[in-house]
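Scroll down for the structure; my scribbles are underneath it.
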Amino acid sequence: MERKQKNILWFSEIGITDVPLVGGKNASLGEMYSKLTQKGIRVPNGFAITASAYWSFLKFAKLEDKMKKELKGLDISNMKELSRVGKSIRNYILNSHFPKSLEQEIIVEYKKLSELAKTKNISVAVRSSATAEDLPDASFAGQQETYLNVKGEADLLLAVKKCISSLFTDRAISYRETKGFEHMAVALSVTVQEMVRSDVGASGVMFTLDTESGFKGVVLINAAYGLGEYVVKGRVTPDQFYVFKEGVKQGKKAIISKILGSKEVKLVYGKTVGTKQANVKHVDRNKFAVTPDEVIQLSKWGVMIEEHYGKSQDIEWAKDGITGKLYIVQARPETVKARSSHSVIERYELKKKGKLLLRGTAVGQKIGAGKARVIENPKQMKSFKKGEILVTRITDPDWEPIMRIASAIITEQGGKTSHAAIVSRELGVPCIVGASGARKMLKTGKPITVSCAEGDEGFVYSGVLPFEVKKTEIKDVAKTKTKIMMNVGDPDNAFALSFLPNDGIGLAREEFIFSNFIRIHPLALINYDKLKDKKAKKIIADMTHGYKKKSDYCVDKLAEGIARIAVASYKNDVIVRLSDFKTNEYATLIGGKEFEPKEENPMIGWRGASRYYSKEYKAGFKLECEALKKVRNEWGLTNVIVMVPFCRTPEEGEQVIKTMEEFGLKRGENGLQVYVMCEIPSNVILAEEFAKIFDGFSIGSNDLTQLTLGVDRDSALVAHIYNEKNKAVTTLIRDVIRVAHKHKRKVGICGQAPSDYPEFAEMLVREGIDSISLNPDTVISTRERIAYVEKTLGKKGRKTSLKFLSLVAVFGILGASLISLGAGCTKTTIEKTMPTVQKNELSPAQLRLKILENQKQALTQSLKINTFANFEMKYPATWQVEEWTGGVTLRNLATGEYVSIFKQLVSPPVKEVSSSTTVSGIPVLIYSDTPSITSSMMYLMAEIPYQDEIIQFDTNALGLGIEMMETMKFNKPEVGLPDKTTSHWDVRERKVCVQMITYARQNKDSDCQMFSTPCEVPDNWQVCDRGTIN
């Protein structure tokens, strides 16, 4: 008999190329059993009932024609009809008989498996393995059923038939339709695998990447007690571990993060067969389900499996509670993040926050808003409406039809690898799992906002809150000699930010970790038994539960926070600044008031270096050193550079270096470098001496400007004097760069001045600064600008560079010049560098016209949009295009000019209509707002009627913006309203059901209330006008 016609194949006979014969799951199990067990990875033995057996069964039972008839013309959006068809086909299968020869083969091989295990009627897991399962572009994971602790011949045959019937569950039919698979082209193979006694041990899921961001530098492991189905289905909130891959390869125990799950219940064997639920003892809930050594072992296996297959993996594992051995029971390609090219970075950002209602574990990085719909059981699913937020205890594959139409999902149980998490990730729907008490707190119909855009923790806020989606194209980003680094404070965002084109982390702030993750004053942990504040003592006791030594809590949390940032950029330098709280800020930490003095001027008080070696705080500083030592030495993150802030004198620097060495951090040992912040004039004046003590400098332009000019930057009275471009400040910066390079020391800057002021960036590049560290949202635009400056300097030389500002002003690409020109106060001289230097004097008005003419001539690029509207328009080729949900923004990176076009959601704060124009024959209203404080540019806004909605055109680009708008061509202009000029007020008055926040009131004496769409306004209510809403 040919191999492809065999009904049964053992794992030892199967390889990864056998998907058409045995499906994705069995092909992977066979591949691992054949190739990886010899490398030490344990895979339980078993066999596959093949696709050939499936087709033989359908033919023998004469089921194909019946099934085709039922599926013909099925509308999966009709849930009632979908349910009827699925049930009908499943009954056909369950009521049919296997061919006798197939039954006999299954029984014979089952007996053989029992004999190999030296057990009569061995317990097996019976799983489905679809022939289209686990392909790189589609995951059928969880679509069919699994049966555990199946024992005996009759039970095995029944479980196999149930598995086959599950190919036609409602969710499986719906999934195939959505993914474009022909139903009768997909066959089902069945896995029969020896059970691992994880019912008395532990089990879980492992991903060889971060499931939220797609970052591939870590392994994510979830673990809980009992059989693995409860972790997969989200019935428990498991323990969670992140492991640094490169650290594991180096033999390090690099568990960089661990979170204890609640693990309240577990799935165990039934008395004879099957499974049942059992409660987990409280003592076991409060400890991790697996040991650190087991976490590392699983991570090693995960890396080996990933390397074998050459792609990220989603792996299920189990620990036998009797033998204590670990096993891999399933591996498949990770299919959600595998499809992401990361060529576009999408960032969701709340514009304001409302009342916090709930929190849980965030899945994805998006935001969703709408009305809550609490669903207690599948019978209530028919009441769910598109765009609502699903609130429930847990989900399973039966819930997928309504998960697809939800604007967000909230479950009370589950972790990052639960069913709800996996499916919502694939659907791109924001989801919060483990939100305890959600069904009680959130009532059906309540408007809420679900935010997964604030790190690992997800938040549920009251009301429909405004948010923005920023998309950044990162293909073909310019390369620079100057390193462009990032400032990162929140470890939870580090993995996602790693995809931005950066050269490392120029500033990782410990303060954020202390404030948001540790939250307790280091000395309060060290002196816990002596604390006088009973309330603080109780909070500390709760937060450090499980720690015998309270100070270890600080060390662990700080190390984990630093490590997440360092792992995200492990191929580059990560400069970690030691804690730089001022005394009043330290005092806000739990227990901090007992240890902090009250200072009149904390800004220049007991902060930075002066704390670390002082007898009053030295013990607290020791915890920071221990955390850094763990990160570098235990976990292998030697890319971490330590930076000392606010170091007033060289003698103080020597004291800090000595104290660090006392606590196990010796400069030069294991490649440790120590930098100093250059933020005090003394750091520049005595730079020669500081260069002998430290390995590098990082210029802190904020404090350096403040202390050089003697200006309190928080005081509005002298804010106009604060300016990083002041000659005194730039002279100091030039000096320290030159001294640093003289002593072969690296020097960088961490601040926004290079992105805010092009001339400041040019000065830094001209002086040869090694790195510029910026906030992530300006990395790409500043990199482009620096690349332009480097190119200009490289071609023209120093003389030309001195006149760089004047040159680019003529061509309209430097916004700083426009600020002074727009005021119309002075005559400006424009200097061009030519073979023979010439001077041309132009008035501001003449120069403005010249700039505008040049820009109009540059309208050469064509933009086509077919998402939120259908139009095309002209724009300058030098501008950057950023598409986002519901809109598009075009930016001139050099000047800060922009044009935003988007579907209007909120009424704009504008004055009266100033003029009108036409676009594609549609009358368009133009409003004008006041000039900005920092610029003479007038902000203009126009309203374009489109399909009974309003498209808003918003710009600060002077006349050029209107020119661009007038080039707009709507592909279907008749969808506008050419017979009248429409505004957002008209749309609201007509109460058209579009997504546009509308304020209305019952009568003129009532308060205005917010509605998410005009159609929600009651018929007898009045839409509030502009004068009644601030």
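Here the sequence shown stands for residues 4 to 1033, numbered as in my numbering.
For each residue, glycine too, the CB sits at the ideal point set by N, CA and C.
- Query: Tell me which same chain residues have a C-beta within less than 7 Å of the C-beta of S177, skipping the five on either side of it?
  - Reply: Translated into positions along the sequence shown, residue 177 becomes position 174. Taken in chain order, the residues that qualify are I79, L85, E403, P404.
- Over what stretch of residues does the beta strand (DSSP E) that includes R362 continue unbroken? To locate residue 362, count along the sequence shown from 1; it is residue 359. R362 -> beta strand (DSSP E) spans 359 to 366.
- Excluding five sequence neighbours on each side, which residues of the same chain lie with their C-beta closer than 7 Å to the C-beta of V163? The residue given as residue 163 occupies position 160 in the sequence shown. Within the same chain, and ignoring the five residues on either side of V163 in sequence, the residues whose Cβ sits closer than 7 Å to its Cβ are I52, I109, V129, V193.
- Message: Alpha carbons only, please: which of G667, N152, S132 is nearest the one belonging to N124?
- Response: Start at 1 with the first residue of the sequence shown, and residue 124 comes out as number 121. Nearest C-alpha to N124 among G667, N152, S132: N152.
- Task: Starting from N895, follow its DSSP beta bridges and name the residues at the other end.
- Result: Against the sequence shown, residue 895 aligns to sequence position 892. DSSP links N895 through a beta bridge to E900.
- Message: With the cut-off set at 8 Å, would you say T278 and L230 are in Cβ contact?
- Response: Stepping through the sequence shown from its first residue, residue 278 is reached at position 275. Stepping through the sequence shown from its first residue, residue 230 is reached at position 227. If you check the CB distance, T278 and L230 come in under 8 Å.
- Query: What are the complete beta strand (DSSP E) segments, minimum 3 residues, inside the segment 348 to 413?
  - Reply: Runs found: 359 to 366, 370 to 377, 392 to 395.
- Assign Q300 to one of three DSSP states: helix, strand, or coil. Along the sequence shown, read from residue 1 onward, the residue named residue 300 stands at position 297. In this structure, Q300 counts as helix in the three-state DSSP scheme.
- May I ask which residues mark the beginning and end of the alpha helix (DSSP H) holding N94? Start at 1 with the first residue of the sequence shown, and residue 94 comes out as number 91. 82 to 97 is the span of the alpha helix (DSSP H), which, as asked, contains N94.
- Task: Output the distance between the C-alpha atoms of L712 and P879, rounded to the nearest integer angstrom.
- Result: Translated into the one-based positions of the sequence shown, residue 712 becomes position 709. Translated into the one-based positions of the sequence shown, residue 879 becomes position 876. Using only the alpha carbons, I get a separation of about 41 Å.
- Query: Taking the Cβ atom as the reference point for each residue, do A694 and R737 lie within a distance shorter than 8 Å?
  - Reply: Along the sequence shown, read from residue 1 onward, the residue named residue 694 stands at position 691. Along the sequence shown, read from residue 1 onward, the residue named residue 737 stands at position 734. Contact: no.
- Query: Closest by CA to G450, which one among A424, I392, V491, E765?
  - Reply: Stepping through the sequence shown from its first residue, residue 450 is reached at position 447. Position check: residue 450 holds Pro in this sequence, whereas Gly was assumed. Ranking A424, I392, V491, E765 by Cα distance to P450 puts I392 first.
- Task: Go through its chain and collect everything with a Cβ distance to T970's Cβ below 7 Å, but skip five positions before and after it.
- Result: For this step, residue 970 is matched to residue 967 along the sequence shown. Counting only Cβ-Cβ distances below 7 Å, and skipping sequence neighbours, we find L862, M876, K877.
- Message: Is the beta carbon of A334 closer than 8 Å to that of S31?
- Response: Counted from its first residue, the sequence shown places residue 31 at position 28. Counted from its first residue, the sequence shown places residue 334 at position 331. In this structure, S31 places its C-beta atom within 8 Å of the C-beta atom of A334.
- Message: I need the straight-line Cα distance from L26 to T485, nearest angstrom please.
- Response: Counting from one through the sequence shown, the residue named residue 26 turns up at place 23. Counting from one through the sequence shown, the residue named residue 485 turns up at place 482. The sequence given here places Gly at residue 26; Leu does not occur at that position. In this structure, the alpha-carbon of G26 lies about 51 Å from that of T485.
- Can you say whether K388 is buried or exposed, counting buried as having 16 or more other CB atoms within 10 angstroms of its CB? Locating residue 388 in the sequence shown gives position 385, where the first residue counts as 1. With fewer than 16 other beta carbons inside 10 angstroms of its own, K388 counts as exposed.
- Query: Enumerated in chain order, which unbroken segments of the alpha helix (DSSP H) with a length of 4 residues or greater are wholly contained in the segment 244 to 285?
  - Reply: Listed in chain order, the complete alpha helix (DSSP H) runs (minimum 4 residues) inside the segment 244 to 285 are 248 to 252.
- Pick from C166, F515, L675, L12 that is closest to G492, judged by C-alpha positions: Against the sequence shown, residue 492 aligns to sequence position 489. Considering only alpha carbons, the answer is F515.
- If we ignore side chains and look at the alpha-carbon of each, how far apart do P779 and I508 end up? Residue mapping note: residue 779 aligns to position 776 of the sequence shown, counting from 1. Residue mapping note: residue 508 aligns to position 505 of the sequence shown, counting from 1. As the crow flies, the alpha-carbon of P779 is around 10 Å from that of I508.
- Is G204 near T240, with beta carbons less than 8 Å apart? What you label residue 204 is simply residue 201 of the sequence shown in a count that begins at 1. What you label residue 240 is simply residue 237 of the sequence shown in a count that begins at 1. A distance of 8 Å or more separates the beta carbons of G204 and T240.
- Query: Since M663 is in the beta strand (DSSP E), which residue starts that stretch and which ends it?
  - Reply: Here residue 663 refers to the residue found at position 660 when the sequence shown is read from its first residue. Boundaries around M663 are those of the alpha helix (DSSP H), 653 to 665, since no beta strand (DSSP E) includes it.
- Assuming Y949 contacts A872 under a Cβ cut-off of 8 Å, what Cβ separation, rounded to an integer in Å, is found between them? Position 946 of the sequence shown, counted from the start, is the residue given in the question as residue 949. Position 869 of the sequence shown, counted from the start, is the residue given in the question as residue 872. Indeed they touch by this definition, with Cβ atoms about 6 Å apart.
- Give the DSSP-derived three-state secondary structure of S465 in the structure shown. Start at 1 with the first residue of the sequence shown, and residue 465 comes out as number 462. Shown here, S465 sits in a strand according to DSSP, grouped into three states.
- Item | Residue interval of the beta strand (DSSP E) (run including D957) | Stepping through the sequence shown from its first residue, residue 957 is reached at position 954. First-last of the beta strand (DSSP E) with D957: 952 to 958.
- Same chain only: Cβ atoms within 6 Å of K236, ignoring 5 sequence neighbours per side: Mapped onto the sequence shown, residue 236 falls at position 233. Hits under 6 Å: D399, H422.
- Could you check which residue in E682, D773, P648 has the C-alpha nearest to that of D706? Your numbering for residue 706 matches position 703 in the sequence shown. Nearest Cα to D706 within the set E682, D773, P648: E682.
- Task: Please report how far the alpha carbon of S142 lies from the alpha carbon of T338, in whole angstroms.
- Result: Taking the first residue of the sequence shown as 1, we reach residue 142 at position 139. Taking the first residue of the sequence shown as 1, we reach residue 338 at position 335. Residue confidence for S142 is low, a pLDDT of 48 falling below 50, so the modelled location carries little weight; the figure read from the coordinates is stated next. The alpha-carbon atoms of S142 and T338 are separated by roughly 6 Å.
- Quick one: what does DSSP say E310 is sitting in, helix, strand or coil? Working through the sequence shown from its first residue, we reach residue 310 at position 307. E310: helix per DSSP, three-state reduction.
- Message: What would DSSP say about Y113, mapped onto helix, strand or coil?
- Response: On the sequence shown, residue 113 is found 110 positions in, with the first residue counted as 1. Looking at Y113 - three-state DSSP - the assignment turns out to be helix.
- Buried or exposed: F700, going by 16 or more other Cβ atoms within 10 Å of its Cβ? Walking along the sequence shown from the start, residue 700 turns up at place 697. Per the 10 Å Cβ criterion, buried.
- What residue from G639, K354, G608, L116 has the CA that sits closest to V570's CA? Counting from 1 along the sequence shown, the entry for residue 570 is found at position 567. Minimum Cα distance to V570 is reached at G639.
- Can you have a look at Q709 and say buried or exposed, based on whether 16 or more other CB atoms are within 10 angstroms of its CB? Position 706 of the sequence shown, counted from the first residue, corresponds to residue 709. Here Q709 is buried. Its C-beta has 16 or more other C-beta atoms within 10 Å.
- Keeping to the same chain, check which residues put their C-beta closer than 6 Å to that of R614; ignore five residues upstream and five downstream. Translated into the one-based positions of the sequence shown, residue 614 becomes position 611. Same-chain partners within the cutoff: Y620.
- Message: For a test of the three-state rule: what should DSSP assign to G49, helix, strand or coil?
- Response: The residue you call residue 49 lines up with position 46 of the sequence shown. Strand.
- If you measure from the beta carbon of L119 to each beta carbon in chain D, is any gap under 8 Å? No chain D appears in the structure shown, which is made up of a single protein chain.
- Message: Check for me: the beta strand (DSSP E) holding T149 runs from which residue to which?
- Response: For the purposes of this step, residue 149 is identified with residue 146 of the sequence shown, where counting begins at 1. Unbroken beta strand (DSSP E) run through T149: 149 to 153.
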